[in-house]
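There are 4 protein chains.
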Amino acid sequence: MRVAFIGLGNMGSAMARNLIEAGHEVTVHNRSRAKAEALGPGVRLAESPAEAVRDCEAAVTMLADDTAVQEIVWGESGIVRGLPGGSVHLGCSTISTALARRLAAEHAAIGQKYVSAPVFGRPETAVAKQLLVVAAGEGETVKRCSPVFEAIGRQTFVAGKEPWQANAVKLCGNFMIASMIESFGEAYATLRKAEVGPHLFLDVMAALFGSPVYSNYGRLIADQKFEPAGFALRLGFKDTRLAIETARECASPMPIASLLHDRLLEAIALGMGEIDWSGVAKLSAIHAGL
Amino acid sequence: MRVAFIGLGNMGSAMARNLIEAGHEVTVHNRSRAKAEALGPGVRLAESPAEAVRDCEAAVTMLADDTAVQEIVWGESGIVRGLPGGSVHLGCSTISTALARRLAAEHAAIGQKYVSAPVFGRPETAVAKQLLVVAAGEGETVKRCSPVFEAIGRQTFVAGKEPWQANAVKLCGNFMIASMIESFGEAYATLRKAEVGPHLFLDVMAALFGSPVYSNYGRLIADQKFEPAGFALRLGFKDTRLAIETARECASPMPIASLLHDRLLEAIALGMGEIDWSGVAKLSAIHAGL
Amino acid sequence: MRVAFIGLGNMGSAMARNLIEAGHEVTVHNRSRAKAEALGPGVRLAESPAEAVRDCEAAVTMLADDTAVQEIVWGESGIVRGLPGGSVHLGCSTISTALARRLAAEHAAIGQKYVSAPVFGRPETAVAKQLLVVAAGEGETVKRCSPVFEAIGRQTFVAGKEPWQANAVKLCGNFMIASMIESFGEAYATLRKAEVGPHLFLDVMAALFGSPVYSNYGRLIADQKFEPAGFALRLGFKDTRLAIETARECASPMPIASLLHDRLLEAIALGMGEIDWSGVAKLSAIHAGL
Amino acid sequence: MRVAFIGLGNMGSAMARNLIEAGHEVTVHNRSRAKAEALGPGVRLAESPAEAVRDCEAAVTMLADDTAVQEIVWGESGIVRGLPGGSVHLGCSTISTALARRLAAEHAAIGQKYVSAPVFGRPETAVAKQLLVVAAGEGETVKRCSPVFEAIGRQTFVAGKEPWQANAVKLCGNFMIASMIESFGEAYATLRKAEVGPHLFLDVMAALFGSPVYSNYGRLIADQKFEPAGFALRLGFKDTRLAIETARECASPMPIASLLHDRLLEAIALGMGEIDWSGVAKLSAIHAGL
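This is the structure in structure tokens:
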């Protein structure tokens with residue numbers, strides 16, 4: 001496929017590389033040109049989003065947040081000005097369900113397609129082609145994108161016919177992880193005050209849950225190793241905020257999400273926005289006087 | 001070893017049977033005699049706790065709550081009246097850290113030993129000898145109990161020298177599970193209102209966390225199959241209450257535990273005390289108007 | 001003063017009438033003309049916001065929410081197109097701090113003034129000229145508006161030099177009331193299950209706090225008299241959401257506000273959006289199985 | 001009446017003095033004799049609780065917590081050993097509803113009467129005979145105690161026929177105050193970050209609620225004047241814990257109470273147990289990075 005790829009952060013670079021390796025014709029655009037050049041000779045570089053998507057079949061965006069997506073899509077030389085009729089904008093960023101609805105509507109209004117396909121995984125998962133892809137959109141269009149999904153991930157889930165449904169799943173999934181992080185923080189704090197080391201509890205939880213996610217995050221917190229950030233706390237806060245907005249749109253209260261919102265906000269107030277989001281667990285220790 | 005076993009519920013019966021199969025000399029006592037007889041011919045039956053422990057090396061208790069343990073230990077014909085000096089009371093029940101401290105102190109005062117060794121696992125795990133054992137107490141005494149641990153579980157963790165530390169770990173572990181259940185409930189409710197089926201989300205979470213605990217509980221909630229109860233909600237409430245009491249003793253606030261307390265209490269107020277504790281997830285649906 | 005008044009709901013009509021009675025030259029505009037005509041002969045009617053403010057010294061807006069304000073200000077024939085240079089837009093609506101900042105910036109950019117002056121009080125308070133006014137903006141401009149404040153309220157507080165500061169105070173004030181409502185709900189529910197009538201508790205609280213706000217809201221809840229709504233629950237939800245947004249902008253976690261958000265959202269999910277916001281107290285009773 | 005009075009803290013001393021002034025024959029007992037002597041010549045001193053109540057018609061207890069009450073009532077030389085048949089133990093302490101039930105049952109079993117009559121007010125209120133009394137118990141017995149109530153307070157409320165109902169009301173009342181304190185803390189923190197001074201907000205709230213309780217506590221927090229403690233934070237924590245226990249007995253979730261529990265516990269973990277309970281508001285500022 002002819003694929004345009006916009007947004008070459010840690011995640012995006014790995015995904016773009018895997019698309020190239022899978023034999024797709026990839027054109028990339030990134031704000032800083034160095035990251036685009038780092039992809040090597042097999043890739044075409046475009047000066048703007050509009051140029052990058054000029055004759056692609058699918059245009060993948062992998063950006064930090066709603067603001068970045070809006071700029072790339074509707075800004076001067078944005079995607080909407082270049083994407084051929086019938087081609088698909090494949091939104092992999094973790095954005096709000098409200099923005100996903102707007103993207104679906106505005107692309108459709110000018111004859112373009114939109115599919116949301118946020119992914120689960122950290123940078124090393126992306127490198128290993130092991131991302132989980134959650135896609136949603138018109139059945140036929142989603143199907144057309146499957147070569148892209150196969151190139152970047154290990155499994156694809158179809159969440160529904162409305163693109164925003166995939167974003168709702170992604171936000172709820174991140175909520176599940178955040179909830180686990182906070183729970184670890186609370187349990188560790190109490191146990192440290194009971195003079196039980198966090199690593200002992202980590203071992204028990206690793207055996208109990210049998211989950212690499214528990215082992216990895218549990219270890220980060222037990223080791224208090226929050227830098228460098230695999231996923232910055234301020235982004236985790238953004239996702240929690242978006243989960244709450246989705247819950248509000250759906251009129252479905254999520255009290256743990258609200259609690260996470262307040263904890264992450266406290267962490268930001270204390271200057272912890274750039275450490276790994278698992279660092280929010282420090283607050284439980286601080287609140288316990290540790 | 002000569003082992004006394006008191007408390008033949010679903011968990012206790014399976015554990016006692018595994019002790020017998022491992023070749024230990026087992027004497028049992030249970031309030032209702034039928035469950036004791038069901039263990040078959042290889043086991044001695046005792047009329048009272050005191051008689052059951054008369055010449056044992058270790059006396060295992062596996063009871064529902066603090067009240068039951070107190071009655072069995074200090075009641076008329078209680079364990080303390082029969083346990084030989086130097087023999088160990090091995091408390092496997094999920095009890096309060098306060099009671100564990102009292103047990104340690106009072107057994108010690110009359111020359112008996114006490115080790116806390118609560119276990120993680122549901123009845124089928126107990127049958128399969130796959131329990132996780134968390135033990136705490138004097139190093140030498142804990143070591144002496146290892147034949148018992150090997151007969152009932154797949155792995156043993158030593159939490160510390162004070163018996164109550166094992167109970168703190170057990171309560172925090174159950175807290176981790178309860179927190180996961182509630183998080184599933186909130187995510188499912190929001191997604192149902194977004195017209196995304198819970199089973200789709202379950203599949204994503206199963207792939208993301210790779211944990212049988214997520215798959216099992218996630219399925220129970222997606223299927224809304226809360227009966228028969230694997231673990232009754234009122235017991236889950238009791239454990240959450242005990243976790244909060246431990247957190248209070250340690251001066252370590254656990255806001256998710258408080259939130260779980262209120263949810264489980266609401267479930268009890270609505271008459272759901274006897275269904276599986278994963279049934280607390282129904283409340284998120286109810287609160288969302290589903 | 002020559003005053004334009006836009007937004008003749010229950011609150012706005014009473015405020016406009018008081019301005020007329022105080023001798024100001026008042027021109028009004030309202031979506032539905034009937035409410036404007038109901039003010040009687042002493043008032044000029046304008047066809048559009050732009051026309052209403054054409055030669056006023058101060059233009060008061062008293063509207064339901066951010067969306068309404070944006071339409072009136074920047075819509076076709078909006079205020080910005082008519083307000084004379086140097087004249088003041090006096091925003092009395094309960095809006096977001098973000099919108100207040102935008103109003104300040106955009107009015108300033110075209111030589112107009114903006115002052116936020118949200119008010120505390122229910123319709124009957126407005127009729128009685130007993131509103132509390134919280135104003136913020138440039139000192140000189142705020143001072144110029146004092147004849148307006150005197151005509152509508154019993155006391156004016158100046159919150160700062162930035163208009164949005166007044167909105168922050170207003171949102172925090174409504175938060176204080178919402179918190180009191182929820183607390184009454186929880187206490188009443190527990191006491192009803194203890195077979196203590198809510199009216200007995202109301203009497204004690206009336207004596208303890210000595211506050212008409214406690215007496216009035218406490219009685220509404222004790223009587224379960226939530227219709228007609230003095231202040232619709234969905235507006236209370238909106239204000240709570242705005243308080244949380246302000247808290248987020250300020251990086252200051254407000255856990256009770258988050259809790260109120262979830263309760264009010266639950267009430268909306270259950271179809272209670274149009275009853276009085278004190279009706280959120282019903283949820284505590286429902287959760288207790290009453 | 002012949003009244004025995006046990007517990008001469010700041011509150012108790014003022015109450016005892018008012019009983020003497022009202023012309024009752026008062027016999028007192030206090031752990032430290034100095035406080036008893038400070039009451040002056042018109043009072044009889046007893047060596048023990050049992051002796052103090054020997055021939056009284058009503059025995060008032062005003063003690064710090066459940067433990068103190070249990071010791072005074074059932075300890076060696078406790079009240080139950082001296083109180084004449086038919087005489088009333090009038091419990092004014094803020095104790096658990098569970099202990100109130102036990103007191104009612106055990107006094108009744110030996111032919112003595114028990115009435116719960118906790119009071120609202122701070123030491124200066126007690127001095128001014130302005131306490132609010134909430135009484136519960138058998139109608140006839142409560143009526144018999146009215147000379148005592150009249151001597152110490154400005155108003156008496158009868159909560160029900162079961163003594164513990166009065167304690168439930170008292171605990172819920174303290175919950176209302178704690179909730180107000182926490183709400184002030186959250187609002188002040190957000191407003192300080194918005195550069196609005198707490199005293200401005202205090203003035204608005206004083207005008208809005210018109211309540212001395214708001215004015216007094218709001219000022220303590222705005223001034224950050226938490227010492228000397230009018231009511232120690234650790235006692236406020238105890239009362240919040242008791243409110244949650246009552247809510248649990250009644251199966252009525254109180255999420256704000258849970259939140260208060262965690263805040264107060266955090267304050268205790270940080271070493272703030274002895275300052276005024278309004279000091280819990282500092283946490284909101286700390287969490288906001290102030």
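Protein chains in written order, with our numbering: chain A, 1 to 290; chain B, 1 to 290; chain C, 1 to 290; chain D, 1 to 290. Virtual Cβ for every residue (Gly too), placed ideally from N, Cα, C.
Which one of the options has the shortest CA to CA distance from residue i?
i                 : options                                  : result
THR97 of chain A  : A:MET1, A:GLU150 and A:GLY137            : A:GLY137
LEU264 of chain C : C:ARG219, C:VAL213, C:ASP239 and C:GLY85 : C:ASP239
GLY121 of chain D : D:ARG33, D:PHE231 and D:CYS172           : D:PHE231
VAL192 of chain B : B:LEU171, B:ASP223 and B:TRP164          : The residue you asked about is not Val; residue 192 of chain B is Arg in the sequence shown. Answer by Cα proximity: B:ASP223.
ALA159 of chain C : C:LEU171, C:ALA151 and C:GLU150          : C:LEU171
ALA46 of chain A  : A:VAL280, A:ALA194 and A:GLY82           : A:GLY82
ALA285 of chain B : A:ALA206, A:ALA247 and A:ALA58           : A:ALA247
CYS250 of chain C : D:GLU186, D:SER215 and D:PHE237          : D:GLU186
Should residue i go down as buried or exposed, given a rule of 16 or more other Cβ atoms within 10 Å for buried?
i                 : result
ILE110 of chain A : exposed
SER258 of chain A : buried
ALA267 of chain A : buried
HIS24 of chain B  : buried
LEU39 of chain C  : buried
THR67 of chain D  : exposed
ARG297 of chain C : Look at the range of chain C in this structure, 1 to 290, and you will see that residue 297 of chain C is not part of it.
ALA128 of chain A : exposed
ARG17 of chain B  : buried
LYS282 of chain C : buried
LYS161 of chain C : exposed
Between which two residues does the alpha helix (DSSP H) holding residue i run?
i                 : result
GLN130 of chain B : Looking at the DSSP string, GLN130 of chain B is not in any alpha helix (DSSP H), and its letter there is neither H nor E.
ALA269 of chain B : 255-269
GLN70 of chain D  : 66-74
THR97 of chain A  : 97-109
GLY139 of chain C : 139-144
SER215 of chain D : 212-223
ASP295 of chain D : One cannot answer for residue 295 of chain D here, as it falls past the ends of chain D, which runs 1 to 290.
Which residues does DSSP list as the beta-bridge partners of residue i?
i                 : result
ASP276 of chain B : B:ALA232
TYR114 of chain B : B:HIS89
ASP249 of chain B : It should be noted that the sequence gives Glu, not Asp, for residue 249 of chain B. Per DSSP, none; premise fails for GLU249 of chain B.
LEU292 of chain A : Nothing can be reported for residue 292 of chain A: it is not among the residues displayed for chain A, which extend from 1 to 290.
PHE120 of chain D : D:LEU132
Could you name the residues of chain B that residue i contacts, counting a contact when the two beta carbons are closer than 8 Å?
i                 : result
VAL115 of chain A : Neighbours of VAL115 of chain A on chain B: none; closest Cβ ~15 Å, over 8 Å.
What residues of chain B sit near residue i, judged by a beta carbon separation below 9 Å?
i                 : result
GLY289 of chain C : GLU266, ILE268, ALA269, LEU270 and GLY271
In chain C, what lies closer than 9 Å to residue i by C-beta?
i                 : result
CYS250 of chain D : ALA189, THR190, LEU191, ARG192, LYS193, ALA194 and ALA288
PRO293 of chain D : Residue 293 of chain D is absent from the structure shown; chain D starts at 1 and stops at 290.
Mind pulling the chain A residues with CB within less than 9 Å of residue i?
i                 : result
TYR217 of chain B : Those within 9 Å of TYR217 of chain B in chain A number zero; the least Cβ separation is about 11 Å.
In chain A, what lies closer than 7 Å to residue i by C-beta?
i                 : result
ASP262 of chain C : PRO253, PRO255 and SER258
MET176 of chain B : SER183, ALA187 and MET205
Since residue i is in the beta strand (DSSP E), which residue starts that stretch and which ends it?
i                 : result
PHE5 of chain A   : 2-6
ALA59 of chain C  : 58-61
GLY160 of chain B : 153-160
Name, please, each residue of chain C whose Cβ falls closer than 7 Å to the Cβ of residue i.
i                 : result
PHE157 of chain D : LEU200, ASP203 and VAL204
GLN70 of chain D  : Going along chain C, no residue has its Cβ under 7 Å from GLN70 of chain D, so there is no contact; the nearest lies around 22 Å.
Name the chain D residues whose beta carbon is nearer than 7 Å to that of residue i?
i                 : result
GLN112 of chain C : Correct list: empty, because the minimum Cβ distance to chain D is about 24 Å.
For residue i, return the contacting residues in chain C, with the cut-off set at a CB-CB distance below 8 Å.
i                 : result
THR246 of chain D : THR190 and ALA194
LEU8 of chain D   : Result: empty, since nearest Cβ-Cβ is about 25 Å, beyond 8 Å.
ALA168 of chain D : THR190, LEU191, ALA194 and VAL196
Closer than 7 Å: is that where the CB of residue i sits relative to any heavy atom of the ligand SAH?
i                 : result
ALA207 of chain D : Of the ligands one can find in the structure shown there are none, so the ligand SAH has no counterpart to examine.
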